[in-house]
Amino acid sequence: MQTTAEIGYNSKVEGDVVITRLEAALNWFRQYSLWPMPMGLACCAIELMAAGASRFDIARFGAEVMRFSPRQSDVMIVSGTVTYKMALVVRRLYEQMAEPKWVIAMGACASTGGMYRSYAVLQGVDRILPVDVYVAGCPPRPEALLDALIKLQGKVRREPVLRTLKQPGPALPVRPPARQMELQP
Ligand code: SF4
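For any residue, its number in this note's numbering is found by taking its place in the sequence shown, counting from 1, and adding 30.
What follows is the structure, encoded as structure tokens:
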């Protein structure tokens, strides 16, 4: 009796099969498809725009799809001075982004308030958002932003995605009442 079923080794598929862990595959997809939300608030935003242009070409890292809707983006790049007036908006937009989501604080102002030790400026966006990567400089060069993006990709690659799939993201810093945020020095 003859059979046509193929069993065992098949040389036709050799070289076309990759074996990996599900978690590694999911993290690989995520790390190379980060969709940034450009939160350009001051001069650092010019460097952010340069990072997307042809000379620096953020597309090499799969992050060129800048979205201006929080529903469609998963990494907020806060570039510029965060005033108390804008802080409420930044926080609201972050809350509207779907999980998983990450934050890059680009530049001295977004990271620490920079030179603006003033009643009007939030002293670091990490007071209202969980920042994943900080970028030093005033302003940082586009290469520094690309370096931060690579660091974030490394962080995404190591995330235990299956264990945290249905759990809420990192706890947000305590949000001061709106009136206090507007007036607090
Ligand atoms: S860090 Fe410097 S370049 Fe960036 S927003 Fe602040 S003052 Fe402007």
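Cβ atoms here follow ideal geometry from the backbone N, Cα and C, with glycine treated the same way.
Relative to the ligand SF4, Ala174 has its C-beta separated by 7 Å or more from all heavy atoms. Contact check between the segment 77-84 and the segment 148-155: fewer than three CB pairs, one atom from each, fall below 8 Å, which does not count as touching. Arg121 and Ala55 have their alpha carbons spaced roughly 31 Å apart. Of all alpha-carbon atoms in Leu179, Gly167, Leu118, Gly143, the one lying nearest the alpha-carbon of Gln61 is that of Leu179.
About 14 Å separates the beta carbons of Gly110 and Ala80, which is beyond the 8 Å limit, so they are not a contact pair. With a 10 Å radius around the Cβ and a threshold of 16 neighbouring Cβ atoms, Lys115 comes out exposed. In the structure shown, the three-state DSSP call for Val191 is coil. Remark: C-beta atoms of Gln126 and Pro160 do not approach each other more closely than 8 Å. With fewer than 16 other Cβ atoms inside 10 Å of its own Cβ, Gln102 counts as exposed. Shown here, Thr142 sits in a helix according to DSSP, grouped into three states.
Shown here, Ala135 sits in a strand according to DSSP, grouped into three states. The straight-line gap separating the alpha-carbon atoms of Ser63 and Gly92 is approximately 5 Å. Around the beta carbon of Gly154, a 10 Å sphere encloses 16 or more other beta carbons of the protein chains shown; the residue is thus reported as buried. In the DSSP assignment, Tyr124 falls within the unbroken alpha helix (DSSP H) covering 114-126.
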